[in-house]
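Residue numbers (the working numbering), protein chains in the order written: chain Z, 787 to 1074; chain W, 1397 to 1636; chain S, 1073 to 1451; chain A, 7 to 333; chain H, 4 to 241. Quick notes on the structure that follows.
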Ligand SMILES: Nc1ncnc2c1ncn2[C@@H]1O[C@H](COP(=O)(O)OP(=O)(O)OP(=O)(O)O)[C@@H](O)[C@H]1O
Ligand SMILES: Nc1ncnc2c1ncn2[C@@H]1O[C@H](COP(=O)(O)OP(=O)(O)OP(=O)(O)O)[C@@H](O)[C@H]1O
Ligand SMILES: [Mg+2]
Ligand SMILES: [Mg+2]
């Protein structure tokens, strides 16, 4: 029983990390209808940025988060301005191809800048834990989890409740009409892409103390992000938490009690089922 | 309270899509407080004219001026800030947002936010159906309900100049009456109106002045009632 | 001897200089480059300089095949490469068909030389060789009965797994847990909790670079104890970044390795230092040394060959017996392997965040610390 | 005042009807020219095989992705099924590879029918995401089900019987086989361009509801398109398996491979006759050129190339060229 | 006259809203039936139910005596129900000709015959000169005609027209009215939704009035026009 609880708890906390991996992707899809294949690479950019500051400034990786988020945001805005804005009226797949290209270019730039060895940092809490009765919690995962909930909650609130949020959604759904309401849709798109990139970078910063950074690891994260967001509902920001948790727990239980070699398959099976049965995501309003 | 001094002037406007030129030479004027109708056959370029004014479409040549501002050099959202609102053809709603969210989006500029509550009440008073459907997603509204929402959203920004593109399209007769009533009310409040309508008779009846657009050129202009009597208009647009 | 001069003799080499295996490509490049330098300053191939034309396969098998065709068409008598088994295998199939020898240094999969082909030669150890010393050590230590196996779900991992299972059976050890995990975003906690539940004297693992650190960290986190934590497939457990990234979590881990600077082969220490300098201060892994050895072996064969044709070189390779800084290289048939270098591998243990060679006894420079202290007893 | 016509419009922006014959000639000339490739570039036959084979598979992808508008990012499944079925039958049952390829085609068709039947009610990006999931799951199963597939270690093909007296491992033979496959794929695309079935597919792509109102059963037509696409891709996979001689699930069922096929079709121009061919030529041939001229930087430059094409020809190169020629 | 369409207690619910409420409706061969009612009354929903674009919540639908309540949309098109969409749905990347051709293939599997048939329909709809233009470039009126043309290509027994006159000026509207008469004269039964009274009163043999999803009146144009309920709910006193 303790073991079962432990495994579920692990799943939940890993799920928190998954949520933060997916959230930027979900936002960018929800608002810009872009299926962002570069998302995982953005995350890796966040990892390397953290690494860079960590090694230069010799401070705790969690302390450089604001800097990393800022860098991510700016990069996102620049990319949007110069590469995505020009194709805003092109067919849907053009943006997919564009993000594939962006991902290749970014990961190779990382390769030139940081070399091709996997980078691992060792911090106090990389392996530290705290306990609640017989259950063990990873400190790094806990910090990541709390930050995730705060960030996603805040973002969801902004999108649902504020004028800014409504403007963002309006620009997403009908750019011309949004312009006619005085919304600067170009700026909104840049902003959203910037936020999306910043969120991915944040995820990278949160993950670095536990996992490693490598220029070519991006696609793995992209795939995870797809799964998370579909489970939670593409574009449904708050749903990403639910999607992440569901994925985390499914994988944990599957890996522990069935077989770890099929771990990813459990998540994918859940993903496919949700797609088929509730296309709007488990936590979205169903449109049918 | 009448707004002083903001006249909309189009001078020799040319515009089009891709390699197709639609507007060849459009000059017209809408003075403060006026209700001006723009009529013409399908494809004459009425919508294109409004889109060019709103800067949704770049003019190829000519000028669009509102007061002292050159609209053709501004971006669409900045024009809205000057107080020029447009209710576009084909509704153009925010489909995945609720009725109320659509309306609120219409008043998100700092200039209009203070008036938000009262504007919302006014729109709901005008179209009670919309109040009933407040929390429904715009995409699931009936055609007519969508039209009401589009007009309502346009009013939410408390404009100086309101451009309406076929507001009566697809509305039930009683509602059409109401909409034309609303248009006149709006004008009475001092808001300038540029109206594009296929319901030529009604439009000319309430318009101070009207222009007739044909193949991208203004071919006739004059007071609404006068045009209504014109043999040419009657034959070409009223089928009488 | 005087430095080589005249018309160079050209060999082809294929490695992953870009793409997902680029980490190892840069190691191979360093090894080849230093070897060519050394060979040519020492008189080259009977006076003529050696030229290794190193081409990037972009971590992609199609590209490797395209490059191989161009090499063969341009008359290269021998090709060196590639790094990843997934590229080396199709390459080996093609080279064998074209009857041009392929000299591989770094792919570890057993299946490259088992059953192998007449045209494929491997300098590096196979996974059987990685696993073997572990069991030698276990026997010496005593008190070990049960083994849990956790490997990455790829060719190398399964190859190690097979070697472990077979050799465990031969030595009468009981395999109490045996699973593979998917690479990538690695949350090992669920599996580790299972293993903790089951309990085993040895946890034998095989992982690429980065997973190895994550694995050890999470072992510490879930407080999983064993008498021995073993990196049975070398790779991720036997490279410098394992120490750097793992910190105290990797202390006492015993890993098999192809090579260490401790070994008593000639010029081993010196070469290690030169490679490090060549790579701008990055610590070379054993892959660089093995590539160096591969190039040396190739040069040796060229020197001895009567004709510089693929067939001539293939025949000379068969008679290779050469001591390199990496160790003795010869190509033998044994246990189903064909043209495989039978060099044993060594074991190193992490002690005070350094690799200390602990096995076999004749090269060991330190003593094994055994059993591994439980996590709670460490500070 | 003149009475203006009820609707105004502009002359042909896309004169497609009747364009069929000239593009047919084009295709035949192209195929004829390609038959000289091995003689002209004897050191680059491997490259030629790769280009022609990927062109054929990208064209096959395009039947579903371009003509029907169902963006699949899981077509590697069929490449894998084609390669594995053929190889396993050769290895385990001694079945000749061409029969194995036929069986693989059948297996792919069955898989496509089930896959399509289940996921075709998903629209737009959701279908694409589902296809990624299907392919990844297939990869994981193939990787783990060692008893069936040989597992993660992969399988290699030993000697193969001669095919009509030809050595299937000869690059030259492989080239002509790939060319025949490309011819087949082009024939299908040419037929789609003008047949009722092709129009049905395009109608579904443009607006499924409207298509249904015109008596088209979208699910059925999409499934047919999927079957055709899967069958052709599977043949390509069998040939690819022979070409490689060794393969493992992570390569054969990889997302990367699926994305590449889609990329080729889109870059060249999806839903056009020559688009996928142009895309394959550019991406495969181009990356070889880049590899030689930008050693170490080729993937970077490749990425830049994709970005440039999307920026300046978002509808694909063949569409851009056609537009440029008209202007 | 044989009955072409009949619905029994046809009902459709959206969440809490009953958009079509137990509607009994019938149309006979060769009739033009006008369907009117306030905005949101359920007219388009009714069309969607009859054409199969939406599933029914209750009740039954018969076409030429055959029950089609649960038949899929494409099957109904095959049987002979053609429709236009209020929110127009052209195939934008196909030419005008190709748009019609897609429908024409249903009755004419051979391409040549289909093309001939499509050309004929384009001519009838006055769209011939735009045959090679892309559907995207048509104006509102053009697109409305294209909607009709496409539906006509099916050679339908029953044609559902949803506001095909709205947005046309009176002269253009007259042209479309003329067209609709011609279609009827070829034997096609027509049900049309329209808010322009001049058009609907002039064209319809019979008019059915919906409000809040319920049928509140039915009869000849003069009967309906003078029905106080209809005046109250829809026409207004103006
Ligand atoms: N996006 C577009 N691309 C190409 N041509 C267009 C586009 N939009 C409109 N046109 C063309 O421009 C011309 C004028 O169209 P516009 O919409 O301004 O006419 P309109 O007077 O508003 O007609 P309607 O009464 O039908 O709304 C038409 O010939 C139309 O075909
Ligand atoms: N998918 C849906 N979900 C929820 N409500 C819907 C949906 N579709 C339609 N409705 C509602 O059903 C009612 C009937 O809509 P319908 O489109 O049938 O009206 P209509 O009679 O065609 O009106 P109009 O004349 O304005 O086009 C409307 O109130 C509309 O808001
Ligand atoms: Mg218009
Ligand atoms: Mg309607």
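Each residue gets a CB set at the ideal place from its N, CA and C atoms; glycine is no exception. If you're wondering where the values come from, they're calculated on a predicted model, not measured in any experiment.
For chain Z, find out if any of its Cβ atoms is closer than 7 Å to the Cβ of residue 150/A; answer yes or no.
Mapped onto the fourth chain, residue 150/A falls at position 144. Answer yes: the Cβ-Cβ gap between residue 150/A and chain Z drops below 7 Å somewhere.
Considering only residues of the same chain and omitting the five flanking positions on each side of residue 158/H, which have a CB-CB separation below 6 Å?
Here residue 158/H refers to the residue found at position 155 when the fifth chain is read from its first residue. If we look at residue 158/H and ignore the five residues flanking it on each side, its Cβ neighbours are 110.
For a contact defined as C-beta to C-beta under 9 Å, what are the partners of residue 125/A on chain Z?
As a first step, residue 125/A must be located in the fourth chain, where it is residue number 119. Neighbours of residue 125/A on chain Z, chain order: 1058, 1061 and 1062.
Cβ atoms of residue 67/A and residue 198/A: under 7 Å apart, would you say?
Locating residue 198/A in the fourth chain gives position 192, where the first residue counts as 1. Locating residue 67/A in the fourth chain gives position 61, where the first residue counts as 1. Cβ distance not < 7 Å, so residue 198/A and residue 67/A don't count as in contact.
Grab me the residues of residue 12/A's own chain with a C-beta within less than 8 Å of its C-beta, minus the 5 sequence neighbours each way, in chain order.
Position 6 of the fourth chain, counting from 1, holds the residue named residue 12/A. In this predicted model, residue 12/A has a pLDDT of only 36, less than 50, meaning its place in the structure is not dependable enough to derive any value.
Can you find a CB in chain Z that lies within less than 7 Å of the CB of residue 229/A?
In the fourth chain, residue 229/A corresponds to position 223, counting from 1. No, no contact with chain Z.
Residue 104/A lies in the alpha helix (DSSP H); which residues open and close that run?
The residue you call residue 104/A lines up with position 98 of the fourth chain. Looking at the DSSP string, the run of the alpha helix (DSSP H) that includes residue 104/A is 103 to 125.
Quick check on DSSP: helix, strand or coil for residue 1619/W?
Taking the second chain and counting its residues from 1, one reaches residue 1619/W at position 223. DSSP places residue 1619/W in strand when its eight states are reduced to three.
Under a three-way DSSP split, which group does residue 1220/S fall into?
Along the third chain, read from residue 1 onward, the residue named residue 1220/S stands at position 148. If DSSP states are grouped into helix, strand and coil, residue 1220/S belongs with the strands.
Closer than 6 Å: is that where the CB of residue 1178/S sits relative to any heavy atom of ligand 1?
Counted from its first residue, the third chain places residue 1178/S at position 106. No.
Quick one: does residue 858/Z have its CB under 7 Å from some CB of chain A?
The residue you call residue 858/Z lines up with position 72 of the first chain. Output row for residue 858/Z: interface = no.
Between residue 1254/S and residue 826/Z, what straight-line distance do the alpha-carbon atoms span, to the nearest angstrom?
Here residue 1254/S refers to the residue found at position 182 of the third chain. Here residue 826/Z refers to the residue found at position 40 of the first chain. If you take the alpha carbons of residue 1254/S and residue 826/Z, they lie about 18 Å apart.
One question on the structure: do residue 1491/W and residue 1552/W come within less than 7 Å of each other, judged by their Cβ atoms?
Counting from 1 along the second chain, the entry for residue 1491/W is found at position 95. Counting from 1 along the second chain, the entry for residue 1552/W is found at position 156. Against a cut-off of 7 Å, the Cβ pair of residue 1552/W and residue 1491/W comes out as no contact.
Roughly how many angstroms lie between the CA atoms of residue 1152/S and residue 1140/S, to the nearest whole one?
Residue mapping note: residue 1152/S aligns to position 80 of the third chain, counting from 1. Residue mapping note: residue 1140/S aligns to position 68 of the third chain, counting from 1. Going from the Cα of residue 1152/S to the Cα of residue 1140/S covers about 10 Å.
Kindly indicate which three-state DSSP category residue 1397/W falls into: helix, strand or coil?
By 1-based counting over the second chain, the position of residue 1397/W is 1. Residue placement at residue 1397/W is flagged as unreliable, the pLDDT there being 42, under the threshold of 50; a coordinate-derived value is accordingly withheld.
If you measure from each residue's Cβ to the nearest non-hydrogen atom of ligand 3, which ones come out under 7 Å, in chain order?
This selection yields 1442/W, 1443/W, 1485/W, 1561/W, 1562/W, 1592/W and 143/H.
Please decide whether residue 1047/Z counts as near chain A, where near means a Cβ-Cβ distance under 7 Å.
Position 261 of the first chain, counted from the start, is the residue given in the question as residue 1047/Z. Judged by the 7 Å Cβ criterion, residue 1047/Z is in contact with chain A.
With respect to 6 Å, is the separation between the Cβ of residue 189/A and the closest non-hydrogen atom of ligand 2 below this value?
As a first step, residue 189/A is located in the fourth chain; it is residue number 183 there, counting from the start. Flag unset: Cβ of residue 189/A not near ligand 2.
Assuming residue 110/A contacts residue 240/A (C-beta within less than 8 Å), just tell me the rounded distance between them.
The residue given as residue 110/A occupies position 104 in the fourth chain. The residue given as residue 240/A occupies position 234 in the fourth chain. So it is a contact: roughly 5 Å between Cβ atoms.
Around the C-beta of residue 1046/S, are 16 or more other C-beta atoms found within 10 angstroms, so that it is buried, or is it exposed?
Here chain S covers residues 1073 to 1451 and nothing more, so residue 1046/S does not appear.
At what residue ranges does the region 1118 to 1163 of chain S contain a whole run of the alpha helix (DSSP H), taking only runs of 4 or more?
Whole alpha helix (DSSP H) segments, 4+ residues: 1133 to 1145.
Does the distance between the C-beta of residue 169/A and the nearest non-hydrogen atom of ligand 2 fall short of 6 Å?
Numbered from 1 along the fourth chain, position 163 holds the residue referred to as residue 169/A. Result no, Cβ not under 6 Å from ligand 2.
In angstroms, rounded to a whole number, what distance separates the CA positions of residue 1129/S and residue 1228/S?
Reading the third chain from its first residue, position 57 is the one you call residue 1129/S. Reading the third chain from its first residue, position 156 is the one you call residue 1228/S. Whole-angstrom Cα-Cα distance: 20 Å.
Tell me residue 169/A's beta-bridge partners as DSSP assigns them.
Indexing the fourth chain from 1 puts residue 169/A at position 163. According to DSSP, residue 169/A bridges with 172/A.
Please list, in chain order, the residues of the region 297 to 326 of chain A that have any C-beta partner in chain S closer than 7 Å.
Flagged, chain order: 297, 301, 302, 304 and 305.
What would DSSP say about residue 1525/W, mapped onto helix, strand or coil?
Position 129 of the second chain, counted from the first residue, corresponds to residue 1525/W. Here residue 1525/W sits in helix by DSSP.
Helix, strand or coil for residue 1566/W per DSSP?
Residue 1566/W sits at position 170 when you count from the first residue of the second chain. Coil at residue 1566/W, not helix or strand.
If residue 138/H sits next to residue 102/H, beta carbons under 8 Å apart, how far is it from one beta carbon to the other, in whole angstroms?
In the fifth chain, the residue the question calls residue 138/H occupies position 135. In the fifth chain, the residue the question calls residue 102/H occupies position 99. Between residue 102/H and residue 138/H the Cβ distance is about 5 Å, and since that is below 8 Å, they are a contact.
Cβ-heavy atom distance between residue 46/H and ligand 4 below 6 Å?
Taking the first residue of the fifth chain as 1, we reach residue 46/H at position 43. Yes, ligand 4 has a heavy atom inside 6 Å of this Cβ.
Could you check whether the Cβ of residue 1042/Z sits closer than 7 Å to any Cβ belonging to chain S?
As a first step, residue 1042/Z must be located in the first chain, where it is residue number 256. It does; some Cβ of chain S falls within 7 Å.
Return the residue from the list 1146/S, 1165/S, 1179/S and 1170/S that minimises the CA-CA distance to residue 1154/S.
Residue numbering aside, residue 1154/S sits at position 82 when the third chain is read from its first letter. For residue 1154/S, the nearest C-alpha among the options comes from 1179/S.
Let me know if residue 1087/S comes out buried or exposed under the rule of 16 or more other beta-carbons within 10 Å of its beta-carbon.
For the purposes of this step, residue 1087/S is taken as residue 15 along the third chain, with counting starting at 1. Residue 1087/S should be labelled buried.
Would you say residue 68/A lies against chain H (beta-carbon separation less than 7 Å)?
As a first step, residue 68/A must be located in the fourth chain, where it is residue number 62. For residue 68/A, the answer is no, since every Cβ of chain H falls outside 7 Å of its Cβ.
If I follow the unbroken alpha helix (DSSP H) through residue 878/Z, where does it start and stop?
In the first chain, the residue the question calls residue 878/Z occupies position 92. Start and end: 878 to 900.
What does the alpha-carbon distance come out to for the pair residue 327/A and residue 118/A?
In the fourth chain, counting from the first residue as 1, residue 327/A sits at position 321. In the fourth chain, counting from the first residue as 1, residue 118/A sits at position 112. Going from the Cα of residue 327/A to the Cα of residue 118/A covers about 34 Å.
From 304/A, 225/A, 322/A and 224/A, pick the residue whose C-alpha is nearest to that of residue 894/Z; which is it?
In the first chain, the residue the question calls residue 894/Z occupies position 108. If we check each option's Cα against that of residue 894/Z, 304/A comes out closest.
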